[in-house]
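Working notes, structure below.
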Amino acid sequence: METVKRRKHDPKFKERAVDLARSLGNNAQAARELGIGYSLLCSWIKAAEEAKTKGKGLALALEEKAELERLRKQVARQAIELDFVKKAAAYFAKEQLGKNTPGSKT
């Protein structure tokens, strides 16, 4: 079985694809001409319409979405790192308290 490699399309390509679909008035034909899936083109059109209601272009909206996704991943990674640091600090604080307690063997 052959694996299909996912293609990434830049925001400008997506904008041009949406413009082509609108000018043709036929999403299926536009998708065939561009060599992309019909449902993918429809999702780009929907995203373009949502971006238009917010007063933004599709490219800007997609870039903001990608940035938001990147930042969410970064926050999740930093939360894991912070949890590790807290556990390490608690471990070393416990060890240090044990050494400084009266009657403890050094």
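The sequence shown lines up with residues 26 to 131 when you count with this note's numbering.
Even for Gly, the Cβ is constructed at its ideal location relative to N, Cα and C.
At least 3 beta-carbon pairs within less than 8 Å: the region 103-115 vs the region 51-70
No, because fewer than three Cβ pairs between the region 103-115 and the region 51-70 fall closer than 8 Å, the two stretches do not touch.
Are the region 62-73 and the region 35-48 in contact at 8 Å, needing three or more beta carbon pairs?
Touching, yes.
Tell me the residue span of the alpha helix (DSSP H) that contains Arg47.
Judged by DSSP secondary structure, Arg47 falls within the alpha helix (DSSP H) whose first and last residues are Pro36 to Leu49.
Over what stretch of residues does the alpha helix (DSSP H) that includes Ile70 continue unbroken?
Tyr63 to Thr78
Confirm, please, whether the CB-CB distance from Leu85 to Ala76 is below 9 Å.
yes
Please state whether DSSP places Lys30 in a helix, a strand or coil.
coil
Please look up how many angstroms separate the CB atoms of Pro36 and Glu92, rounded, as I've assumed it's under 8 Å.
So it is not a contact: roughly 12 Å between Cβ atoms.
Taking C-beta to C-beta, are Lys33 and Leu83 nearer than 9 Å?
no
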